[in-house]
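Numbering (the working numbering), first residue to last: 42 to 220.
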């Protein structure tokens, strides 16, 4: 009672499988993706537009992470670091979970608890920086940035640095082509 069953379109199956596998089992083995969806692993890399976390940020996150991995800034077993008010953090959490990277998010009690829970559901570590009575101001943002820099300076950590990372821009190209 109270539940509805909906058919999942074939094109949405990879996205739904990853979401459910991550939510219910804290990840999935890559061979299971092919087994369960009937699609090749390359389909994960081709997810874009509405199929990838339902927002443009996931395309940006994916492009930034893949570029860092390709040139050695991000190595297997490393931790991605970012400060966020939530939207980019959710995208990074989704992509990190799908690609097998850990994620350390610098967040604040001034931001949405729903976004915090979503990032944690994807496996991110979420560190809260206290705000001034829930206010979002320059001092808070600067403290988030500073803390992300401190965490990223640790060995085995890579800072995505969303506002200064040019690699992510390539993630917007497919969306631009669609439009």
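Cβ atoms here follow ideal geometry from the backbone N, Cα and C, with glycine treated the same way.
**Message:** So, for residue 206: in the same chain, excluding its five sequence neighbours on each side, which residues have a beta-carbon less than 7 Å away from its beta-carbon?
**Reply:** Working through the chain shown from its first residue, we reach residue 206 at position 165. Only 105 meet the Cβ criterion.
**Message:** So, does the segment 146–166 touch the segment 121–132, judging by three or more C-beta pairs under 8 Å?
**Reply:** yes
**Request:** Report buried or exposed for residue 212, applying the criterion of at least 16 other Cβ atoms within 10 angstroms of its Cβ.
**Result:** Taking the first residue of the chain shown as position 1, residue 212 is located at position 171. Per the 10 Å Cβ criterion, buried.
**Request:** Assign residue 103 to buried or exposed, taking buried as 16 or more other Cβ atoms, counted over all protein chains shown, within 10 Å of its Cβ.
**Result:** Here residue 103 is taken as the residue at index 62 of the chain shown, counted from 1. Buried, since its Cβ has 16 or more Cβ neighbours within 10 Å.
**Item:** Member of 155, 154, 107 whose CA lies at the smallest distance from the CA of residue 142
**Value:** Reading the chain shown from its first residue, position 101 is the one you call residue 142. For residue 142, the nearest C-alpha among the options comes from 107.
**Item:** Backbone CA spacing between residue 171 and residue 191 [nearest angstrom]
**Value:** Within the chain shown, the letter at position 130 stands for residue 171. Within the chain shown, the letter at position 150 stands for residue 191. Residue 171 and residue 191: Cα-Cα distance of roughly 17 Å.
**Reduced DSSP secondary structure (H/G/I, E/B, other) of residue 116** = Looking up residue 116 in the chain shown gives position 75. Residue state, collapsed to three classes: coil.
**Asked** Around the Cβ of residue 115, are there at least 16 other Cβ atoms within 10 angstroms (buried) or fewer (exposed)?
**Response** Counting from one through the chain shown, the residue named residue 115 turns up at place 74. Buried, by the Cβ-count rule.
**residue 189 and residue 147 closer than 9 Å at C-beta** = Taking the chain shown and counting its residues from 1, the one referred to as residue 189 is at position 148. Taking the chain shown and counting its residues from 1, the one referred to as residue 147 is at position 106. Yes, Cβ-Cβ distance for residue 189 and residue 147 is below 9 Å.
**Request:** Buried or exposed for residue 144, please, with buried defined as at least 16 other CB atoms from any protein chain shown within 10 angstroms of its CB.
**Result:** Position 103 of the chain shown, counted from the start, is the residue given in the question as residue 144. Residue 144 is buried by the Cβ-count criterion.
**Request:** Give the range of the beta strand (DSSP E) segment to which residue 148 is assigned.
**Result:** For the purposes of this step, residue 148 is taken as the residue at position 107 of the chain shown. It spans 143–149 - the beta strand (DSSP E) in which residue 148 sits, taken as one unbroken run.
**Which residues DSSP lists as bridging residue 191, in chain order** = Your numbering for residue 191 matches position 150 in the chain shown. Answer is none; residue 191 lacks a bridge partner.
**Message:** Are the CB atoms of residue 118 and residue 197 within a distance shorter than 9 Å?
**Reply:** One-based indexing of the chain shown puts residue 197 at position 156. One-based indexing of the chain shown puts residue 118 at position 77. Yes.
**Asked** What is the rounded straight-line gap between the Cα of residue 200 and the Cα of residue 76?
**Response** Here the question's residue 200 lines up with position 159 in the chain shown. Here the question's residue 76 lines up with position 35 in the chain shown. Looking at the two C-alpha atoms, the distance is approximately 34 Å.
**Asked** Which of helix, strand or coil does DSSP assign to residue 174?
**Response** Within the chain shown, numbered from 1, the residue matching residue 174 stands at position 133. If DSSP states are grouped into helix, strand and coil, residue 174 belongs with coil.
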